[in-house]
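S.K.: Protein chains in written order, with my numbering: chain A, 144 to 299; chain B, 79 to 866.
Even for Gly, the Cβ is constructed at its ideal location relative to N, Cα and C.
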Amino acid sequence: MRITMTVDGTSYTDDVEPRTLLVQHLRENLGKVGTVIGCDTSNCGACTVHLNGRSVKSCSVLAVQADGAEITTIEGLERDGQPHPVQQAFHENHALQCGFCTPGMIMQSIDLLGDTPDPSEEQVREGLEGNLCRCTGYQNIVKAVRAAAGELGAKR
Amino acid sequence: MTETVDRELGKARTRKEDARLISGRTRWTDNITLPGMLHMAILRSPVARAGIGKIDTDQARASSGVVAVFTGADLAAEQGSLPCAWPITEDQKSPNAPSIADTTVNFAGEAVAVVVARSAAEARDAVDLIDVDYEDLPVVLDLETAAGDEEVIYPELGTNCSANWVFDSAQAGSGGDVEDAIRDADVVVRRKFRQQRLIPAFMEPRSVLVDPTGPQTTMYSATQVPHILRLMLAMSLGVPEHKIRVIAPDVGGGFGGKLQVTPEEFLTFLIGRRLGKPVKYTETRTESLLAAHHGRDQIQRLTLAARGDGTITGLKVELLADMGACLRLVTPGVPILGAFMFNAIYKIPAYHFSCTNVFTNKVPTDAYRGAGRPEATFGIERMMDELAVEIGVDPLEIREKNWIKHEEFPYTTVSTLTYDSGNYEAATARATELFGYPELRAEQARRRENGDPVQLGIGVSTFTEMCGLAPSRVLGSLNYSAGGWEHAEVRMLPTGKVEVVTGSSPHGQGHDTAWSQIVADRLGVPFEDVEVLHGDTQISQRGMDTYGSRSLVVGGIALVKALDKVIEKARPIAAHLLEAAEDDLEFTAGSFGVRGTGAAGVTIADIALAVFAAHDLPDGAEPNLDSEASYDPENFSFPHGTHLCATEVDTETGAVRIRSYVCVDDIGKVVNPLIAEGQVHGGLAQGIAQALYEEAVHDEFGTLTTASLADYLVPSAMDLPRFTTDMTETPATSNPLGVKGVGEAGTIASTPAVVNAVLDAVRQFGVRDIEMPCTPQRVWQAIQGGSK
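Right, dumping it as structure tokens:
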């Protein structure tokens with residue numbers, strides 16, 4: 144099937160098999176390998192991207208379902224060479240170790256802060272429940288998201 | 079030490095690694111694509127034990143894009159046996175360990191056929207078209223039944239027991255006879271504990287890419303051990319070592335799970351070379367849970383003897399350890415590492431340890447974060463609580479009565495290790511203060527008195543571990559096939575920048591940052607001017623890789639030694655440039671100057687440029703400041719700490735909630751507190767997960783029923799508490815940095831702290847033990863059973 148989508152500001156038109164997952168399309172056809180695959184049951188959230196501004200696990204969306212959509216991946220967050228405040232907060236709060244879950248974790252955190260601009264610790268933990276990290280014990284991730292909330296709030 | 083030095087070591091630097099990782103500029107193995115690259119997929123056995131009959135691959139071969147299909151028969155002549163580097167006894171029994179099953183399969187998930195195709199999707203499609211006739215054989219799953227040899231998995235071995243390993247303090251001359259101690263004891267506590275089977279569950283599934291098109295065959299692999307992998311490929315497959323290059327690009331976690339030389343690596347290597355094309359294999363999560371090695375899986379029988387006042391007089395440990403279907407890289411040695419840790423921080427006059435390693439029809443076990451030491455720590459720390467209950471004293475009091483006092487170091491234990499330093503009193507004092515121990519005990523008493531449906535429990539774990547694996551001589555005495563040294567190389571570039579090559583191979587630990595701090599500390603160059611290289615055998619020719627909390631304690635010291643050589647090479651050149659005597663020079667903050675003059679000297683960067691030009695060097699000086707060093711530790715290091723956990727147990731539902739978790743670890747000198755704290759957090763998460771959530775479960779046929787992340791419960795942010803962490807600092811005396819290692823501490827310490835806390839909440843109902851993981855169902859059933 145022929146589909147067209149905008150990914151990180153670039154428009155792509157491709158023929159894909161109907162069964163192709165969005166994450167496969169991003170990685171294998173568009174070279175967007177910053178988005179990774181951690182499982183095959185949509186439990187880990189490593190592949191989280193934004194589809195029309197909302198977070199989705201790109202392993203649970205067919206590429207054809209994203210026809211006409213605007214996708215943002217971890218590779219499309221920087222503005223003028225500067226990292227997104229959530230990216231920066233992950234760095235400053237040591238919210239990553241191996242970094243494999245990080246793309247999905249950051250994309251989900253941005254979505255979470257869109258819904259809940261000043262989340263409590265409990266709200267952050269709930270909002271990230273679908274994203275697994277094996278390295279950090281989540282403590283610094285929670286800290287980073289709340290720090291980013293402060294940063295984003297100050298900018299508003 | 080200079081001011082620069084003091085500022086850099088111990089500084090909470092944010093990580094250099096992060097810039098790429100937070101923006102998706104990553105180099106995971108599965109991200110790498112090479113021209114002409116083919117994709118491999120594996121057909122895995124759905125049954126745990128069977129003879130292999132006919133394998134029909136015709137349809138698969140005819141499927142679109144399929145280049146080749148291989149079965150065990152096709153590769154039998156060249157696949158050899160996967161290596162085991164740790165024969166723990168002379169008469170250890172070890173079955174053949176094929177990468178792909180030939181005549182029989184011995185665990186569900188074992189490779190049976192391989193498809194190579196143009197795309198990963200085509201390869202997987204074709205795998206589904208292969209038809210295999212399995213001739214079922216009786217499966218051997220239960221560890222104790224297996225040890226009884228009712229059904230023997232490998233008739234040629236005559237038994238399911240691989241080896242029996244014994245340490246006895248009376249024989250070793252390090253203590254008394256444990257049977258005497260038990261006979262003469264006022265109190266004897268006997269318990270049987272089960273260490274459930276766990277799965278390391280690193281977030282990046284394993285991936286391997288083999289490129290046979292260059293002068294060397296290059297293997298990219300998501301591995302913790304590129305150097306060991308290269309050596310094992312050479313030794314096991316008979317390919318000359320110098321014709322192999324191994325690269326560990328970005329590696330997404332390991333936790334021991336990627337401390338392995340895997341069937342998938344061997345298969346990709348053999349097939350890539352046979353086809354003459356780059357071949358990539360990336361496992362699915364289900365394959366990862368099924369076929370990557372598992373961890374733990376022991377049955378522990380413990381006997382603790384004590385006097386009436388709680389003074390321990392003897393400890394007897396009898397283990398059964400599940401090897402799974404065959405021996406992988408260090409499978410048999412994992413429980414043996416525990417032999418030295420059951421005595422923990424305590425003065426135990428008599429000790430006996432025996433372990434029987436047993437085969438079952440399950441995926442092999444091997445190292446998982448802590449490897450042998452969490453098992454031992456769980457055993458002894460649970461027993462300390464049981465002894466406290468038996469005698470009727472506070473669990474902290476029973477520990478204090480028996481632990482090694484800080485003024486008694488160095489202390490040689492009953493299992494013959496010499497602990498160089500420690501201060502259990504200080505860590506415990508700080509932990510109880512942060513925890514609010516007396517207040518929580520008071521609340522616990524109130525809730526008990528009121529019959530509150532939610533009961534409070536307090537768990538203690540005062541742990542130590544041996545890490546910094548390891549002194550090569552010790553490894554040799556334990557029959558391990560390799561040494562435990564580490565290597566580092568320092569390259570001084572003409573512009574004053576520094577490239578450091580380490581033989582350690584990070585996968586999340588932050589070496590780039592910590593190593594840069596050590597270089598900045600020692601050479602006085604800016605932190606930003608250091609680049610740390612690793613994980614490619616063409617760049618890092620010598621190394622022993624990353625596991626066992628060894629990177630800083632062994633690799634970091636190798637780096638210090640190499641840096642000191644750079645300074646010594648630079649000294650005569652500095653003297654020449656300054657027209658001064660070498661003995662009059664001092665090196666501070668990155669500069670050589672004449673002692674006592676305060677005059678401007680020459681920086682190490684100046685000297686690097688002078689050496690590059692080489693126009694004005696002293697006679698005979700080598701125009702090169704580069705240096706390298708290998709370091710073999712003389713002893714292990716012994717981090718320790720006090721972990722306190724408060725759990726709320728809902729007695730009506732069995733649900734356990736961690737109300738607070740406090741740990742005070744002593745890891746010696748800290749290079750980067752941010753990284754060290756992060757390691758503790760992650761370790762705690764895994765240890766708590768063993769206590770409460772995770773278990774690899776097999777059904778009666780040997781099928782893994784927890785083969786997805788929906789079923790194998792890696793905890794989410796909702797499942798874990800906020801931790802309170804702190805450190806005391808008792809420097810190691812066995813290395814020049816005073817460091818001890820931190821990678822495994824949290825995992826080792828936390829499991830018994832949590833389980834002790836759960837039991838402390840429900841012991842009042844007659845509950846003596848709850849098997850891990852302490853799920854609501856198990857806790858509820860224990861309460862019901864106990865109160866009858």
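(1) Does chain A have any CB closer than 9 Å to the CB of residue 614/B?
(2) What is the residue span of the beta strand (DSSP E) that residue 376/B lies within?
(3) Jot down the residue ranges of each uninterrupted beta strand (DSSP E) in the segment 400-478 of chain B, minimum 3 residues, whole runs only, in chain order.
(4) Are the CB atoms of residue 460/B and residue 834/B within a distance shorter than 9 Å?
(5) From residue 239/B to residue 492/B, what distance separates their C-alpha atoms?
(6) Comparing C-alpha positions only, which one of 366/B, 742/B, 151/B sits nearest to residue 178/B?
(7) In chain order, what residues of the same chain have a beta carbon less than 7 Å from the beta carbon of residue 324/B, not counting five sequence neighbours either side?
(8) With DSSP run on the structure shown, which of helix, strand or coil describes residue 947/B?
(9) Pull up the DSSP beta-bridge partners for residue 801/B, would you.
(10) How far does the alpha helix (DSSP H) with residue 645/B in it extend, from its first residue to its last?
(11) If you count every other CB in all the chains shown that lies within 10 Å of the CB of residue 211/B, and 16 or more means buried, which is it?
(12) Look at residue 335/B and residue 384/B and say whether their C-beta atoms are less than 9 Å apart.
(13) Is residue 632/B helix, strand or coil when you go by DSSP?
(14) Below 9 Å between beta carbons: does that hold for residue 186/B and residue 119/B?
(15) Leaving out five residues on either side along the sequence, give the residues of the same chain with a beta carbon under 6 Å from the beta carbon of residue 245/B.
(16) Buried or exposed: where does residue 144/A fall if 16 or more other Cβ atoms within 10 Å of its Cβ makes it buried?
(17) Among 284/A, 295/A, 166/A, which residue has its Cα nearest to the Cα of residue 794/B?
(18) Identify whether residue 310/B lies in helix, strand or coil by the three-state DSSP scheme.
(19) Nearest to residue 226/A by alpha carbon, out of 160/B, 190/B, 103/B?
(20) Kindly indicate which residue of 293/B, 473/B, 392/B has the alpha-carbon position closest to the one of residue 248/B.
(21) Where does residue 594/B sit, in a helix, a strand or coil, going by DSSP?
(22) Please go through the segment 748-809 of chain B and give each complete alpha helix (DSSP H) segment of 4 or more residues, from N-terminal end onward.
(23) Could you tell me whether any Cβ in chain B is nearer than 9 Å to the Cβ of residue 175/A?
(24) Strictly below 9 Å CB to CB, what residues from chain A border residue 423/B?
(25) Going by beta-carbon coordinates alone, are residue 243/B and residue 167/B separated by less than 9 Å?
(26) From what residue to what residue does the alpha helix (DSSP H) around residue 250/A run?
(27) Going by CA-CA distance only, name the one from 564/B, 792/B, 722/B that's closest to residue 549/B.
(28) Does the segment 222-233 of chain B come close enough to the segment 142-159 of chain B that 3 or more CB-CB pairs lie under 8 Å?
(29) Apart from the five residues just before and just after residue 852/B, which ones in its own chain have a Cβ nearer than 7 Å to its Cβ?
(30) Could you give the DSSP three-state label for residue 328/B: helix, strand or coil?
(31) Residue ranges of each alpha helix (DSSP H) run of no fewer than 4 residues wholly in the segment 474-524 of chain B, ordered along the chain?
(32) To the nearest angstrom, report how far apart residue 344/B and residue 143/B are at their CA atoms.
(33) Can you list, in chain order, the residues of the segment 729-763 of chain B whose Cβ is nearer than 9 Å to any Cβ on chain A?
(34) Closer than 8 Å by beta-carbon distance: list the chain B residues that pair up with residue 285/A, in chain order.
(35) Pick out whichever of 552/B, 382/B, 101/B has its Cα sitting closest to the Cα of residue 265/B.
(36) Taking the beta strand (DSSP E) that residue 270/B belongs to, which residues open and close that run?
M.R.: Reading it off the structure:
(1) no
(2) 373-384
(3) 429-437
(4) Taking 9 Å as the Cβ cut-off, residue 834/B and residue 460/B qualify as a contacting pair.
(5) 27 Å
(6) 151/B
(7) Contacts found: 297, 299, 304, 307, 308, 615.
(8) A question about residue 947/B goes unanswered here, because the residues of chain B that appear run from 79 up to 866.
(9) Answer is 739/B, bridged to residue 801/B.
(10) 635-656
(11) exposed
(12) With a cutoff of 9 Å on beta-carbon distance, residue 335/B and residue 384/B are scored as not near each other.
(13) In the displayed model, residue 632/B falls within a helix according to three-state DSSP.
(14) no
(15) 417, 431
(16) exposed
(17) Ranking 284/A, 295/A, 166/A by Cα distance to residue 794/B puts 284/A first.
(18) helix
(19) 103/B
(20) Ranked by how close their Cα comes to the Cα of residue 248/B, the residues 293/B, 473/B, 392/B have 392/B in first place.
(21) helix
(22) 751-770
(23) yes
(24) Within 9 Å Cβ-Cβ: nothing; residue 423/B doesn't reach chain A, min ~24 Å.
(25) yes
(26) 245-258
(27) That would be 564/B, whose Cα lies nearest to the Cα of residue 549/B.
(28) no
(29) 734, 769, 770, 833, 836
(30) strand
(31) 502-513
(32) Their backbone Cα atoms lie some 23 Å apart in a straight line.
(33) 752, 753, 755, 756, 757, 758, 759, 760, 761, 762, 763
(34) By Cβ distance, chain B contributes 795, 800.
(35) 382/B
(36) 265-276
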